[in-house]
Amino acid sequence: MSADLFSPSLQHWLDLAGIFVFAISGALLGVRKNFDVFGMAVLALVTGLGGGLFRDLVIGSVPPAAFADLGYFLTPLVATLLVFFLHPEVERINTAVGVFDAAGLGLFCVAGTVKAYEHGLGMTASTALGVATAAGGGVLRDMLAGEVPALLRWDREIYAVPALLGATLTALLLKADQLSPAAGAAAAALAFTVRLLAMRYGWRAPRAWQRRSGRAGEA
Amino acid sequence: MSADLFSPSLQHWLDLAGIFVFAISGALLGVRKNFDVFGMAVLALVTGLGGGLFRDLVIGSVPPAAFADLGYFLTPLVATLLVFFLHPEVERINTAVGVFDAAGLGLFCVAGTVKAYEHGLGMTASTALGVATAAGGGVLRDMLAGEVPALLRWDREIYAVPALLGATLTALLLKADQLSPAAGAAAAALAFTVRLLAMRYGWRAPRAWQRRSGRAGEA
Amino acid sequence: MSADLFSPSLQHWLDLAGIFVFAISGALLGVRKNFDVFGMAVLALVTGLGGGLFRDLVIGSVPPAAFADLGYFLTPLVATLLVFFLHPEVERINTAVGVFDAAGLGLFCVAGTVKAYEHGLGMTASTALGVATAAGGGVLRDMLAGEVPALLRWDREIYAVPALLGATLTALLLKADQLSPAAGAAAAALAFTVRLLAMRYGWRAPRAWQRRSGRAGEA
């Protein structure tokens, strides 16, 4: 998930931080679903690396960063061990996990958009891949665990919207050739802040108009 | 999903039409599952573009058409908006949607087979990718929504068979170097017609022989 | 799934054998889920070829072996026909199927690691792709059928561990430039034996520490 937006070293550490917090959420879901430690590790790997893997396959960057950089691969395993030994403590700081997950969302929607754009994709496609980088791992996590992805559900706070805002702003800045590190950080902060506000105030996206209320509870 | 079978412009419009009708079915499932508008959009994108995306990744055509052509990407979003504002009306013409979906099936099984063949794959592999192009989006749609894919289920009318017939005929015509636009249209019409007849007369494929009836209801 | 570890011809036959036994397990799940014959075929194809397809997409080997070698593609269809006509007999030898599946696991974790390593991936990434080659098809099979993948579940015997042992040994041998056919066969035999012992003695992997027993039954 590297991109030369920030200095390579800083970008790499930001990537690892994003992978780590996503992986924590995957390993925690593994605990809640009563999976064993290998099930936890698979969910952690998929959540942390799945979005970037999808993006890299689409833009033809093989082998994907997830398999080319050892740190990327080992980070979810560290997260798994942490949750394995300390999960009651990790659960207790669930709000903190939500905040870190929002930070990962912000970082990845920017980094994913930049990498896709640098590989020659158009603005719209780059924005879409930025959102997919940020949200794709969580969707795969939920599918593997046999749950309907939270991203799709009406009864969850908005998740795609913050990523879409951050990715769109990034694409506009790239188009205008104005994506400085500070501007990239601002785009990530935008996604991060909107996601935090959505969690705090329970923001949801609308369902289809004129949906009969009698069917609202069926899903 | 392009292929120079018809004139580029006509082929492009046919592709968009196929993507559109598949996307409608995805967005409608989103309404039925009580998803929000972004969940509807994700299902519409996946249903309309997923089959072609899988084919393009397999044949190494990156970035896939879904991300290289803006019209391909925007069409499912238009379908989402339409269903969002008008879904009772769209539901009412559900039979029409089924007919359009059958048309998309016919178009995509031919276009997918042609594109795979042009990328150097063999007849059998091209046929398989034609079927995957036509049916893959619907399978991904059902998996994301937490449903067992209709394609696999015994209690649904056959869907793979019409696509298989159209794709096989296309591959045979390609092998014989006889795939004129008219012949391609005939292959698409074959798949379309068989699917319509299957829906009209409730054609199903057989289950395993000697399956004990006592276990029939468990799935 | 070819690799020049053994003579090409022997390797090819071992690959086909592995695909065949995996495909049998896919087709049998299709019977249990009450799918029709096309649903059985899709599950057989996905189980037999899915792991190798994922590996080939990741290492950029397109078209993947599954679509480049006709024998690879036809083998799952033969397995489907066999189960379709003879499934009570196949069910009766379910233990034998388990043994063959363990053999496929052993063969594929070695062959997958070798192929990834030959494409220039590092030791850890090659090991991971070896495990993914061996276990990926079964995960996709379970996801398609609407089941939580057996690989993740605590109440199933370990499956990832034998593959991990075989793949790790293979990667170490490759690193030391000592992977003779005999050494490769030993790595496959290691995975095979550990999996058989796990099935025989009900070996399971641990869940997260301090997991409260009151929540154990919820998943």
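Protein chains in written order, with our numbering: chain A, 3 to 221; chain B, 3 to 221; chain C, 3 to 221.
Ideal Cβ positions, reconstructed from N, Cα and C, are used throughout, including at glycine.
Check	Outcome
Runs of alpha helix (DSSP H) lying entirely within the stretch 48–89 of chain A, each at least 4 residues, in chain order	67–70
Start-to-end residues for the alpha helix (DSSP H) that takes in A/F22	10–34
8 Å Cβ cutoff met for B/L131 and B/R206	no
Chain B contact for C/R209 (CB, 8 Å cutoff)	no
Proximal chain C residues relative to A/L72, where beta-carbon distance stays under 7 Å	G124, T126
Interface flag, C/M145 vs chain A, CB-CB below 8 Å	yes
Identified DSSP bridge partners for A/F37	C/R155
Residue from B/G32, B/A200, B/G186 whose Cα sits closest to the Cα of B/F110	B/G186
8 Å Cβ cutoff, C/W156 in contact with chain A	yes
Any C-beta of chain A under 8 Å from that of B/P78	no
Best match in C/I21, C/K35, C/A184, C/L30 for proximity to C/H89 [C-alpha to C-alpha]	C/L30
Counted within 10 angstroms of its Cβ, other Cβ atoms place C/L72 as buried (16 or more) or exposed	exposed
Neighbouring residues, chain C, relative to B/R206 (Cβ below 9 Å)	D38
Cβ neighbours of A/E159 in the same chain (closer than 7 Å, five flanking residues each side left out)	A200, M201, G204, W205, R206
Any C-beta of chain B under 8 Å from that of C/P151	no
Per-residue DSSP class, three states only, for B/T135	helix
C/V141 in three-state terms, based on DSSP	helix
Contact between the stretch 99–106 of chain C and the stretch 7–26 of chain C (3+ Cβ pairs under 8 Å)	yes
Chain C contact for B/V163 (CB, 8 Å cutoff)	yes
Three-pair Cβ contact test at 8 Å for the stretch 42–50 of chain C versus the stretch 67–85 of chain C	yes
CB contact flag (A/L166, A/L192, <8 Å)	no
Beta-carbon gap between B/N96 and A/R209 smaller than 8 Å	no
Status (buried if at least 16 other CB within 10 Å, exposed otherwise) for B/P10	exposed
Proximity test, Cβ basis, 8 Å: C/Q180 and chain A	no
C-beta contact flag for A/V60 and B/P66 at 8 Å	yes
Span separating the alpha-carbon of C/A218 from that of A/G28	For C/A218, the pLDDT reaches just 43, beneath the cut-off of 50, and the residue's location in the model is therefore unreliable, although a value from the coordinates is still provided. Rounded to whole angstroms, C/A218 to A/G28 spans 18 Å at the Cα level.
Cβ neighbours of C/A189 in the same chain (closer than 6 Å, five flanking residues each side left out)	V112, G168, L171, T172
Assumed close pair C/L176, C/V116 - CB separation to whole angstroms, cut-off 8 Å	7 Å
Alpha-carbon to alpha-carbon, A/M42 and A/E149	15 Å
Separation of B/G54 from B/R94, as counted between CA atoms	29 Å
Beta-carbon gap between C/G138 and C/A152 smaller than 8 Å	no
is_contact[A/G62, chain B] using C-beta, thresh 8 Å	yes
Contact with chain A by C/L198, beta-carbon distance below 8 Å	no
Coil, strand or helix - A/R206 by DSSP	coil
Check: A/P65 C-beta below 7 Å from any heavy atom of the ligand MG	Questions concerning the ligand MG fall outside what the structure shown contains, since it holds no ligand whatsoever.
B/V150 (DSSP reduced to helix, strand or coil)	coil
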